Amino acid sequence: MNGNIVKIEKVNFKYKGSEEGLLKDTSLNIKKGETVLLTGASGSGKTTIIRLINGLIPHYYQGDLEGDVEVAGYDIAKTELYELAGVVGTVFQNPRSQFFSVDTDGEIVFGPENIGLDPKEILERKNDVVREMHIEKLLGRSLFELSGGEKQSIACASVSALLPEIILLDEPSSNLDQSAIRKLADEIRLWKSQGKTIVISEHRLWYLKDLVDRVIYMDHGKIRHEWTGGEFRSLGKTDIKKLQLRPLEVKDILSASCGCEGECGMECGMDLSGTDTDDGIMLDDFFFSYERKPYLFWKKQFSAEDENLTLCIPHLVLPAASVIGVVGKNGTGKSTFLKCLCGLEKDCKGKVEYEGKTYKGRERLKLCYMVMQDVNHQLFTDSVGAEVILSMETEDNERVDEILESLGILEFKDKHPMALSGGQKQRVAIASAMAASAKLMLFDEPTSGLDYSHMEQVAKLLQSLASSGITVLVATHDPELIEMCCDYLLCIENGKTGYMKRL
Amino acid sequence: MRLKLDPRTKLYMILVVSAVVLMSATTTFLWTVRIIMTLIPVILLVIEKRYSSALWFAFLYTVALIVTFMFLSEESTGIFKALLTGYSGIVVQFMPALITAWYVVRTTKIGEFMSAMQKMHVPDGITISLAVVMRFFPTIREEYSAISDAMKMRGISLGGGNAVKMVEYRMIPLLFSCVNIGDELSAAAITRGLGGEVKRTSVGELRLRAADWLLITAFTAVAVLFVIFKYIL
């Protein structure tokens, strides 16, 4: 075996139904115990390499495969997937769709049960894994109640429980916040110390740069560069930028606490410097809680005195026509804030004042528009043009073309929205927001899982929206995005506003 | 206190309840048997601390029963009474099966369910498909609520007054995201050995306990009583 646990030799691969090959004459050898990072733009073939190693290609995703893949002595093309279960483990990108059980305990033992281990041994493995990864507090819970980061911890644990020699991670940090990413890095470090062979496909580089032994840069289905870990760490900022990679160092603006522990209504170090009270969008009385006492005959309004408020913002001014980054840890109230602001939670009675007009309740839906994290949820029609018209009060074809032109998606006007790429779909959603003449656009993690150049595009787009007079609020975990486009930073913690500052 | 029932008992419950609701009750005695049987899943829900679903069901069922016995008879005429008959007929006949199934879905872990099916020698293909269905219920609910939010934002919750559009706008994104999630889910599950030729094991030990036998006996008795009093006597 001469030390190579993964041997990919002269592989060409083309997915069924696609015209262009995704991998072109690619060869890659990975030594036992090595930690390898695959990076490069979306669609450059990173995920395809992961799928070659875990056997999903050719056994699950079909296509034309040429060349040989050998993993831990198995010839992948001739090996059934279940035989590989104890050899190769994979952590996928989306924490929502990679668990099969509904409870955490069941999920950790799911793999070992499938390969028919003795129940006693399964329980021992489970206890070991839980102890090593410090996830005792996650046991006995429903997976649907966990945060993205916690789900990803369970995914790591359930891969660990199979004791694979090789662990693959396919963009594992896409949906995680900074502290969850640090936890993920700890898990990878643990595997590394156990001598596992690890292959990671990833856009975010800052948390991996000290962990990797070798970095492979892919471009259009080919390996373009290869560095050792040391060489990679010493690459300069300009080199990284030239390669269209995300930066190696990020500012730690997101995991820092904004220091809001006090009661609701207290201004905890509120720094509103640079926000002019006259010129802005004023928010008043935003109180909301998911825990609600049952009342029989009337609905109680939430107020600052209530306990257990998920959201408590008595007063806030958003500077108009700017890009405002909304930061804060996962599960700290960012999404709740966005949902309440645009009027989706009808028990939140907040008022929005804009250009001398006050918007309450359902009226807020007309003023605001949210582009969701999973943009598939908000595309309803069978063509891009129809999607935009649906948002208009009166059909105006010229305006449709104008909007699509300004977003650079006019050529797709008659295409089905679901046939577009993720970034294009996002633009369609933005187009329908513009057609509804929304003045306040909210983005929930618009750049999760995007590569550097796509992120740059989103940043430019947000800035151009702001310069056309729209106020943009963007909830994000990407410090890179904040540096690129945000004018202000709003920190939310425990449902309260920590600070709002100009950048 | 938590009552842990064997998934096999739960499946048997669904079977008996569904069979009994399909045989119409004709005498007071049969009605009594049926109402007592219906109480069992309600009590089980209360034990599981699922008070609101238990209460809602009990309320709807009681109302439907009262309506059936107090206000409706074979001579009832008129549209209002016809609608009432329809409502209470559906609730009285089918809600017991529905609430039992609800109880089972909410309280059974997928691992347990799969090993129970395996013990009953059900082919893997059927077991895995049913397990996926169970796994999918909460996912559909999550997706559905996100889509509803998106529709509210666009002001198209009512489909612009067009009932077909209202369904279309909801179903299309739902189908797309369920297909995507299903695809990723299967990929993740087979890389962890699901569907292999190896015999699956299970850490959860399945054993029929006293409570299981008690319920099995009770439900068997109900089924037997119904068949005897309705078809034989």
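Residue numbers (the working numbering), protein chains in the order written: chain A, 1 to 503; chain B, 1001 to 1233. The C-beta atom is built at its ideal place from N, Cα and C for all residues, glycine as well. The model shown is predicted, which means the values in this text are computed figures rather than measured ones.
Problem set entry | Within chain B, partners of A/Phe288 - CB distance below 8 Å | Looking up residue 288 of chain A in the first sequence gives position 288. Correct list: empty, because the minimum Cβ distance to chain B is about 15 Å.
For this session: For A/Ser201, name the three-state secondary structure that DSSP assigns.
Result: For the purposes of this step, residue 201 of chain A is taken as the residue at position 201 of the first sequence. Reduced to three states, the DSSP call for A/Ser201 is strand.
For this session: Pick out the complete alpha helix (DSSP H) segments inside the stretch 309–350 of chain A, 4 residues or longer, and give them in chain order.
Result: 334–341
For this session: For the beta strand (DSSP E) holding A/Leu38, just list the boundary residues, first then last.
Result: Taking the first residue of the first sequence as 1, we reach residue 38 of chain A at position 38. From DSSP, the beta strand (DSSP E) with A/Leu38 extends over 35–40.
Problem set entry | Nonlocal neighbours in the same chain, by C-beta distance under 6 Å from B/Ala1097, ignoring five residues either side | As a first step, residue 1097 of chain B is located in the second sequence; it is residue number 97 there, counting from the start. Closer than 6 Å at the Cβ level, and outside the excluded window around B/Ala1097, lie Val1017, Ser1018, Val1021.
Exercise. Taking 7 Å as the CB-CB limit, is B/Tyr1051 close to chain A?
Worked result: On the second sequence, residue 1051 of chain B is found 51 positions in, with the first residue counted as 1. Not one chain A Cβ lies under 7 Å of B/Tyr1051.
Exercise. What did DSSP end up calling A/Tyr359 once you bin it into helix, strand or coil?
Worked result: Sequence index remark: in the first sequence, residue 359 of chain A carries index 359 (1-based). Looking at A/Tyr359 - three-state DSSP - the assignment turns out to be strand.
Exercise. Taking Cβ to Cβ, would you say A/Tyr369 is nearer than 7 Å to A/Met484?
Worked result: Start at 1 with the first residue of the first sequence, and residue 369 of chain A comes out as number 369. Start at 1 with the first residue of the first sequence, and residue 484 of chain A comes out as number 484. No, the pair does not count as a contact, with Cβ atoms beyond the cut-off.
Exercise. Between the C-alpha atoms of B/Leu1065 and B/His1121, what's the straight-line distance to the nearest angstrom?
Worked result: Reading the second sequence from its first residue, position 65 is the one you call residue 1065 of chain B. Reading the second sequence from its first residue, position 121 is the one you call residue 1121 of chain B. The alpha-carbon atoms of B/Leu1065 and B/His1121 are separated by roughly 40 Å.
For this session: Give the DSSP-derived three-state secondary structure of A/Ser273 in the structure shown.
Result: Mapped onto the first sequence, residue 273 of chain A falls at position 273. Reliability of the predicted coordinates at A/Ser273 is poor, the pLDDT of 48 falling under 50, and no value is obtained from them.
Exercise. Which residues mark the beginning and the end of the alpha helix (DSSP H) in which B/Met1134 is found?
Worked result: Numbered from its first residue, the second sequence carries residue 1134 of chain B at position 134. Unbroken alpha helix (DSSP H) run through B/Met1134: 1124–1154.
Problem set entry | Alpha-carbon to alpha-carbon, B/Thr1107 and A/Ala155 | As a first step, residue 155 of chain A must be located in the first sequence, where it is residue number 155. As a first step, residue 1107 of chain B must be located in the second sequence, where it is residue number 107. Computed Cα separation, rounded: 23 Å.
Exercise. Should B/Asp1006 be flagged as near chain A, meaning a C-beta pair shorter than 7 Å?
Worked result: Within the second sequence, residue 1006 of chain B is the residue found at index 6, counting from 1. Cβ-Cβ to chain A under 7 Å: no for B/Asp1006.
For this session: Give me the Cα-Cα distance between A/Thr332 and A/Cys312, rounded to the nearest whole angstrom.
Result: By 1-based counting over the first sequence, the position of residue 332 of chain A is 332. By 1-based counting over the first sequence, the position of residue 312 of chain A is 312. Taking the straight line from one Cα to the other gives about 11 Å.
Exercise. B/Phe1176 versus chain A: which residues are under 8 Å apart at the beta carbon?
Worked result: Numbered from its first residue, the second sequence carries residue 1176 of chain B at position 176. Neighbours of B/Phe1176 on chain A, chain order: Asn376, Met418.
Exercise. Distance, Cα to Cα, A/Pro95 vs A/Lys151?
Worked result: Counted from its first residue, the first sequence places residue 95 of chain A at position 95. Counted from its first residue, the first sequence places residue 151 of chain A at position 151. Those two C-alpha atoms are separated by around 6 Å.
Exercise. In three-state terms, what does DSSP make of A/Gly577?
Worked result: Since the displayed chain A opens at 1 and closes at 503, residue 577 of chain A lies outside it and no answer follows.
Exercise. Given that B/Thr1127 touches chain A, what residues does it touch there, using C-beta distances under 8 Å?
Worked result: By one-based count along the second sequence, residue 1127 of chain B stands at place 127. Near B/Thr1127 there are no residues of chain A at all, since even the closest Cβ is about 12 Å away, more than 8 Å.
For this session: Please confirm if B/Leu1060 has its CB atom under 7 Å from at least one CB of chain A.
Result: For the purposes of this step, residue 1060 of chain B is taken as residue 60 along the second sequence, with counting starting at 1. It does not; no Cβ of chain A falls within 7 Å.
Problem set entry | Cβ pair A/Lys24, A/Gly221 closer than 7 Å | The count along the first sequence starts at 1 and reaches residue 24 of chain A at position 24. The count along the first sequence starts at 1 and reaches residue 221 of chain A at position 221. Yes, the pair counts as a contact, with Cβ atoms nearer than the cut-off.
Exercise. Does the Cβ-Cβ distance between A/Ala85 and B/Gly1111 come in under 7 Å?
Worked result: One-based indexing of the first sequence puts residue 85 of chain A at position 85. One-based indexing of the second sequence puts residue 1111 of chain B at position 111. No, the Cβ-Cβ distance between A/Ala85 and B/Gly1111 is not below 7 Å.
For this session: Can you have a look at B/Arg1135 and say buried or exposed, based on whether 16 or more other CB atoms are within 10 angstroms of its CB?
Result: Translated into positions along the second sequence, residue 1135 of chain B becomes position 135. Burial call: buried.
Problem set entry | Alpha carbon of B/Ile1232 to alpha carbon of B/Val1105, nearest angstrom | In the second sequence, the residue the question calls residue 1232 of chain B occupies position 232. In the second sequence, the residue the question calls residue 1105 of chain B occupies position 105. Answer to the nearest angstrom: the Cα atoms are 35 Å apart.
Problem set entry | Same chain, Cβ closer than 7 Å to B/Phe1094, five either side skipped, listed in chain order | Counting from 1 along the second sequence, the entry for residue 1094 of chain B is found at position 94. Only Val1021 meet the Cβ criterion.
Problem set entry | Cβ pair A/Ile198, A/Ile223 closer than 7 Å | Along the first sequence, one-based indexing puts residue 198 of chain A at 198. Along the first sequence, one-based indexing puts residue 223 of chain A at 223. Against a cut-off of 7 Å, the Cβ pair of A/Ile223 and A/Ile198 comes out as no contact.
For this session: Measuring only between beta-carbons, confirm whether A/Ala85 sits less than 7 Å from chain B.
Result: Residue 85 of chain A sits at position 85 when you count from the first residue of the first sequence. So yes, A/Ala85 belongs to the interface.
Problem set entry | Residues bridged to A/Lys14 (per DSSP) | The residue you call residue 14 of chain A lines up with position 14 of the first sequence. Paired residues: A/Asp64.
For this session: For A/Lys120, I'd like the list of residues in its chain whose CB is within less than 6 Å of its CB, leaving aside the five on either flank, ordered along the chain.
Result: Here residue 120 of chain A corresponds to residue number 120 of the first sequence, with the count starting at 1. Result list for A/Lys120: empty, nothing under 6 Å.
Exercise. In chain order, what residues of the stretch 1143–1166 of chain B put their CB closer than 8 Å to some CB of chain A?
Worked result: Glu1143, Ala1146, Ile1147, Asp1149, Ala1150, Met1151, Lys1152, Met1153, Arg1154, Gly1155, Ile1156
Problem set entry | Contact with chain B by A/Tyr354, beta-carbon distance below 7 Å | Residue 354 of chain A sits at position 354 when you count from the first residue of the first sequence. No, A/Tyr354 lies away from the interface with chain B (no Cβ there is under 7 Å from its Cβ).
Exercise. Measuring CB to CB, does A/His454 end up less than 7 Å from A/Gly408?
Worked result: Translated into the one-based positions of the first sequence, residue 454 of chain A becomes position 454. Translated into the one-based positions of the first sequence, residue 408 of chain A becomes position 408. Contact: no.
Exercise. Three or more beta-carbon pairs under 8 Å between the stretch 135–149 of chain A and the stretch 19–39 of chain A, yes or no?
Worked result: no
Problem set entry | Local Cβ density within 10 Å of B/Trp1213, reported as buried at 16 or more and exposed below that | For this step, residue 1213 of chain B is matched to residue 213 along the second sequence. It is exposed - the Cβ of B/Trp1213 has fewer than 16 other Cβ atoms within 10 Å.
Exercise. Less than 7 Å separating the beta-carbons of A/Val250 and A/Trp206?
Worked result: On the first sequence, position 250 is the one that residue 250 of chain A refers to. On the first sequence, position 206 is the one that residue 206 of chain A refers to. Cβ distance < 7 Å, so A/Val250 and A/Trp206 count as in contact.
Exercise. Any idea if A/Gln194 is buried or exposed, counting beta-carbon neighbours within 10 angstroms, 16 or more meaning buried?
Worked result: On the first sequence, residue 194 of chain A is found 194 positions in, with the first residue counted as 1. So A/Gln194 ends up on the exposed side.
Exercise. How is A/Lys7 classed by DSSP in three states: helix, strand or coil?
Worked result: Stepping through the first sequence from its first residue, residue 7 of chain A is reached at position 7. A/Lys7: strand per DSSP, three-state reduction.
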